[in-house]
Amino acid sequence: MEDEERESGGERERDWVRLEGRQRRTWPINSARVRKKGTVLTLTVQSKMKVLPLLFVFFGVSLCEVGNISEGNNAALERQVKMMNKPPIKTFVTAEGDTIDCIDIDKQPSLEHPLLKNHKVQVVSLVDNKIENTKYGAYGRTSIYNITVARGQFSSHNIWIQNGSIDHVSMIVAGWTVSPQLYGDTLSHFFTYWTGDGYRDGCFNLLCPGFVLVDRRAIFNTPLNGSTYGGQQYELAILVQQDLKTGNWWLMIGYPPAKVGYWPMEIFSNLQNGALVTAWGGTGFAGSDGVCPPIGSGHKPDGDYRHATYFRILHWIDAKGVFVQPSKDVAERVDSDVYDLKNYHYDRDLGYWIGYGGPGGYCYE
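Right, dumping it as structure tokens:
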């Protein structure tokens, strides 16, 4: 990856931040400021409005639809939120006032998945694979903002890994979101989502069997630092990569990347040998009133990375584990004029990057 020119943004990742009169530990983000130099080429892409706005850049062998968060999945989200009320095996309060629920990694609910009856937590190395023209992972860093999102709305900023037809799609999503329904507040949180077979299974975070957590410090409920419009930028570095020996899909966050856990290959019907689609961007889920939430900073991109939310240093991973920058074979999609996306291609300081987001608003046809 490219060397970057950075200056200290104060306290580093995993350092303390002040939140609602208490101290919480952020995990794991980068709090470095990025110095931007020079000018960049802008590209504005707009298309017809949809009920569920989705904006992203995606790369693939073939162009296929990336699955949205549907109304059916909203009902599933409600069921998953109820699961949060299940008692933990052990609860303790830190000296800083944080309440932390703990379970034994080898006894976590994820391992209750019927296909993982004899599965053990494992950390393994990568090997070469001969399959070509297939993506074995994706990487990017996106800026984080605390935006106002109403209950019933959902605003996410993430990487997608996807393969298969829409009826049997296998998908991994990882990034940050603001979701009052999922977290009970309007702060930004790290999140994951997966489905193995066309939304017939899968869930957010650890709300169902499937994702295997290997680092107890990766607390999904911990709020993240938010960036300041025109000022200091906090970002989340996300890496999703398939282990070519086991087939498992690893999630790593922070810089340098730290392993959080993995999705076992067995839970997917179409992600055993890489994926045809990788994507970077955001999703806005409208409330019952047809009003979509802000995405990103709440501002549309204007060429200044400190204004709209960005995704930078975009790479997909080939069969040899090499990080590859996007080519010219790229498509941009914006489903509502309350949002925008601009592809700035390569920049010396930001790498391959996009700016995306917008204020939200009425977004039904």
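Residue numbering for the sequence shown is 740 to 1104, as defined by this note's numbering. In this text, a Cβ means the ideal position worked out from N, Cα and C, and glycines have one as well.
How long is the line joining the alpha carbons of L926 and G1000, rounded to whole angstroms?
-> Within the sequence shown, numbered from 1, the residue matching residue 926 stands at position 187. Within the sequence shown, numbered from 1, the residue matching residue 1000 stands at position 261. Using only the alpha carbons, I get a separation of about 23 Å.
Between the Cα of Y973 and the Cα atoms of N964, V979 and Y932, which residue gives the shortest distance?
-> Reading the sequence shown from its first residue, position 234 is the one you call residue 973. Per the Cα distances, N964.
Could you tell me how far apart the beta carbons of G993 and A976 are, in whole angstroms, since I believe they sit closer than 8 Å?
-> Counting from one through the sequence shown, the residue named residue 993 turns up at place 254. Counting from one through the sequence shown, the residue named residue 976 turns up at place 237. About 6 Å separates the beta carbon of G993 from that of A976, a gap short enough to meet the 8 Å contact definition.
Can you tell me which of G1060, Y1049, G1097 and S1075 puts its alpha carbon nearest to the alpha carbon of H1084?
-> Reading the sequence shown from its first residue, position 345 is the one you call residue 1084. The shortest C-alpha separation from H1084 is found at Y1049.
Looking at T1022 and the ligand COA, is the gap between the Cβ and the nearest heavy atom below 7 Å?
-> Ligands are entirely absent from the displayed structure, and the ligand COA is therefore not among its contents.
Relative to the C-alpha of G1090, which residue among N1009, G1037 and R880 is closest?
-> In the sequence shown, the residue the question calls residue 1090 occupies position 351. Looking at the Cα atoms, R880 is the closest of the given residues.
Simplified DSSP assignment, three categories, for Q920 = Sequence index remark: in the sequence shown, residue 920 carries index 181 (1-based). In this structure, Q920 counts as helix in the three-state DSSP scheme.
Buried/exposed call for P1032, threshold 16 Cβ in 10 Å | Walking along the sequence shown from the start, residue 1032 turns up at place 293. Counting Cβ neighbours within 10 Å, P1032 comes out buried, since at least 16 surround it.
Out of I905, N897 and S894, state which residue places its alpha-carbon closest to the alpha-carbon of R939.
-> Your numbering for residue 939 matches position 200 in the sequence shown. Comparing Cα-Cα distances from R939 to each of I905, N897 and S894, the minimum goes to I905.
Could you spell out the range, first to last residue, of the beta strand (DSSP E) harbouring R880?
-> Indexing the sequence shown from 1 puts residue 880 at position 141. Element bounds for R880: G876 to S882.
Indicate whether S909 and F1007 have their beta-carbon atoms separated by less than 8 Å.
-> Taking the sequence shown and counting its residues from 1, one reaches residue 909 at position 170. Taking the sequence shown and counting its residues from 1, one reaches residue 1007 at position 268. Yes. Within cutoff.
Would you kindly report the start and end of the unbroken beta strand (DSSP E) that includes M991?
-> Taking the sequence shown and counting its residues from 1, the one referred to as residue 991 is at position 252. Residues W988 to I992.
Below 8 Å, can you find three or more Cβ-Cβ pairs linking the region 1054–1066 to the region 884–894?
-> no
Closest to G903 by CA distance: which of W1055, G1042, Q1011 and S966 is it?
-> The sequence position of residue 903 within the sequence shown is 164, counting from 1. Cα-wise, what sits closest to G903 is Q1011.
Pick out whichever of D1043, K1039, R955 and T1022 has its Cα sitting closest to the Cα of K998.
-> Here residue 998 is taken as the residue at index 259 of the sequence shown, counted from 1. Of the candidates D1043, K1039, R955 and T1022, the one whose C-alpha sits nearest the C-alpha of K998 is R955.
Could you tell me the distance, in whole angstroms, from the CA atom of P725 to the CA atom of G1023?
-> A query on residue 725 cannot be resolved here, the shown segment of the chain reaching from 740 to 1104 and no further.
Would you mind stating whether W1055 and K874 have Cβ atoms separated by less than 8 Å?
-> Here residue 1055 is taken as the residue at index 316 of the sequence shown, counted from 1. Here residue 874 is taken as the residue at index 135 of the sequence shown, counted from 1. Cβ atoms of W1055 and K874: closer than 8 Å.
Should P995 be labelled buried (16 or more other beta-carbon atoms within 10 Å of its own) or exposed?
-> Along the sequence shown, one-based indexing puts residue 995 at 256. With fewer than 16 other Cβ atoms within 10 Å, it is exposed.
For the candidate residues T961, V953, D936 and F930, whose alpha-carbon lies nearest to that of L946?
-> Taking the first residue of the sequence shown as 1, we reach residue 946 at position 207. L946 has its Cα closest to that of F930, out of T961, V953, D936 and F930.
So, V979 versus I898, is the Cβ gap smaller than 8 Å?
-> Position 240 of the sequence shown, counted from the start, is the residue given in the question as residue 979. Position 159 of the sequence shown, counted from the start, is the residue given in the question as residue 898. In contact: V979 and I898 (Cβ atoms closer than 8 Å).
Could you check if K1081 is buried or exposed, using at least 16 other CB atoms within 10 Å of its CB as the buried criterion?
-> Looking up residue 1081 in the sequence shown gives position 342. Buried is the call here.
Helix, strand or coil for I886, going by three-state DSSP, please let me know.
-> As a working note, residue 886 is residue 147 in the sequence shown. Correct three-state label for I886: coil.
Within its chain, find whatever has a CB closer than 6 Å to the CB of D932; leave out the 5 residues flanking it on each side and keep chain order.
-> In the sequence shown, counting from the first residue as 1, residue 932 sits at position 193. Strictly speaking, residue 932 in this sequence is Tyr, with Asp absent from that position. Excluding residues within five positions, the ones whose Cβ falls inside 6 Å are V912 and F943.
Whole alpha helix (DSSP H) elements within the region 992–1032, 4-residue minimum | Segments of the alpha helix (DSSP H) lying fully in the region 992–1032: there are none.
Please state whether DSSP places H1054 in a helix, a strand or coil.
-> On the sequence shown, position 315 is the one that residue 1054 refers to. Looking at H1054 - three-state DSSP - the assignment turns out to be strand.
Nearest to G969 (by Cα), restricted to the options H896, F893 and S1036 | Here the question's residue 969 lines up with position 230 in the sequence shown. Ranking H896, F893 and S1036 by Cα distance to G969 puts S1036 first.
How should S1027 be labelled, buried or exposed, when 16 other C-beta atoms within 10 angstroms of its C-beta is the threshold for buried?
-> Taking the first residue of the sequence shown as position 1, residue 1027 is located at position 288. Exposed.
Q901 to D1057 span [Cα, whole Å] = The residue labelled residue 901 in the question sits at position 162 within the sequence shown. The residue labelled residue 1057 in the question sits at position 318 within the sequence shown. Rounded to whole angstroms, Q901 to D1057 spans 15 Å at the Cα level.
Out of G1021, N1009, L1015 and G923, point me to the one whose CA is closest to I1093's CA.
-> Walking along the sequence shown from the start, residue 1093 turns up at place 354. The candidate whose alpha carbon is nearest that of I1093 is G1021.
Under 8 Å, do G1100 and K1039 count as touching if we go by C-beta distance?
-> On the sequence shown, residue 1100 is found 361 positions in, with the first residue counted as 1. On the sequence shown, residue 1039 is found 300 positions in, with the first residue counted as 1. In this structure, K1039 does not lie closer than 8 Å to G1100 by Cβ.
Is it buried or exposed for G914, if we count other Cβ within 10 angstroms and need 16 for buried?
-> Here the question's residue 914 lines up with position 175 in the sequence shown. Classification for G914: buried.
In angstroms with no decimal places, state the Cα-to-Cα distance between T934 and G941.
-> By one-based count along the sequence shown, residue 934 stands at place 195. By one-based count along the sequence shown, residue 941 stands at place 202. T934 and G941 have their C-alpha atoms roughly 4 Å apart.
Could you give the DSSP three-state label for D906: helix, strand or coil?
-> Along the sequence shown, read from residue 1 onward, the residue named residue 906 stands at position 167. Three-state DSSP puts D906 in a helix.
Separation of Y1078 from C1102, as counted between CA atoms | Counting from 1 along the sequence shown, the entry for residue 1102 is found at position 363. Counting from 1 along the sequence shown, the entry for residue 1078 is found at position 339. Taking the straight line joining both Cα atoms gives about 10 Å.
Using a threshold of 8 Å, state whether the C-beta atoms of Q920 and A1025 are closer than that.
-> Mapped onto the sequence shown, residue 920 falls at position 181. Mapped onto the sequence shown, residue 1025 falls at position 286. No; because the gap between Cβ atoms is not below 8 Å, this pair is not in contact.
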